[in-house]
Amino acid sequence: ILRKEGSKHTIRGGKGMNPAEFISRLAPIAMRDMLETNVPASITIAQAILESAWGESGLTKQANNLFGIKGTGPAGSIVMTTKEFVNGNWILVQAPFRAYHNWAESVSDHSNLILHGTNNAPARYHGVLGADYKTAAYAVWRGGYATDPQYPQKLIQLIETYELWKFDDRVREERRMLEEMKAKLQKL
3 ILRKEGSKHT IRGGKGMNPA EFISRLAPIA MRDMLETNVP ASITIAQAIL ESAWGESGLT
63 KQANNLFGIK GTGPAGSIVM TTKEFVNGNW ILVQAPFRAY HNWAESVSDH SNLILHGTNN
123 APARYHGVLG ADYKTAAYAV WRGGYATDPQ YPQKLIQLIE TYELWKFDDR VREERRMLEE
183 MKAKLQKL
């Protein structure tokens, strides 16, 4: 059941993307987002890969939700079955997940969660901000993003296998160059 609120959302269909296509589509969005929020692009991309099964999950195809964020999003919500690790066991539960109009909205909402946490724990993911990818992978897991005890290792493996850390380096270099330009302009 997909409830639309506001304008129409986009549904991806057709043949799935290969890893290079998925990364090349998501990387510019994640890098722009990192420049604005300090959430490492490598973590954003790795979480999207893991949570959306390379963009092939029903949640991503039907609701542009790359990160498995629950609740109501800008395009409403969709109820789906999900696996949760509870008391040492995997169980299936039905839950409402946020729907988005596009992937950029999904990335922005993901970063908003990292920046602001939840009502009861606003700083729960702050260890991710500006961190190297290994530190960030453990910080997002310790904050409670995922129940899978292997979650940090899975993120790290994706980042290292696909060299996603390079996107963090590019953003840091761009930020450094912008700071240098600002300093030069202030001297004028």
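When we follow my numbering, the leftmost residue of the sequence shown carries the number 3, and every step to the right adds one. Don't be surprised by glycine CBs; every beta carbon is placed ideally from N, CA and C.
On the criterion of 16 or more Cβ atoms from any shown chain inside 10 Å, does Leu-115 qualify as buried, or is it exposed? That one is buried.
Taking the alpha carbon of Val-41 as the point to measure from, which residue in Lys-186, Thr-163, Ala-141, Lys-72 has its own alpha carbon closest? Ala-141
Out of curiosity, what's the CA-to-CA distance linking Leu-37 and Lys-136? 19 Å
Under 8 Å by Cβ, that's how I've got Asn-72 and Arg-100 pegged, so tell me the actual separation to the nearest angstrom. It should be pointed out that residue 72 corresponds to Lys in this sequence rather than to Asn. Indeed, because the Cβ distance is near 7 Å, the residues count as touching under 8 Å.
If we call anything under 8 Å between Cβ atoms a contact, is Ala-48 one with Leu-187? no
What three-state label does DSSP hand Phe-99 in the structure shown? strand
Please go through the same chain and pick out, in chain order, the residues whose beta-carbon is closer than 6 Å to the beta-carbon of Trp-56, but skip the five residues on each side of it. Phe-24
Please return the same chain residues whose Cβ sits closer than 7 Å to the Cβ of Tyr-153, not counting the five positions on each side in sequence. Within the same chain, Tyr-153 has close Cβ partners Trp-143.
Residue interval of the alpha helix (DSSP H) (run including Val-109): 105-118
Let me know the secondary structure DSSP gives Leu-94 once reduced to three states. Residue state, collapsed to three classes: strand.
Buried/exposed call for Val-109, threshold 16 Cβ in 10 Å: buried
For Ile-13, which of helix, strand or coil comes out of DSSP? Here Ile-13 scores only 34 on pLDDT, less than 50, and its place in the model should not be relied on; the value that follows carries that caveat. In the structure shown, Ile-13 sits in coil (DSSP, three-state: anything other than H, G, I, E or B).
Check whether the Cβ atoms of Gly-18 and Glu-58 sit closer than 8 Å, and answer yes or no. yes
Out of curiosity, what's the CA-to-CA distance linking Val-88 and His-128? Taking the straight line from one Cα to the other gives about 24 Å.
Taking the alpha helix (DSSP H) that Phe-24 belongs to, which residues open and close that run? 21-39
Measuring straight from C-alpha to C-alpha, what distance separates Ile-161 and Pro-30? 16 Å
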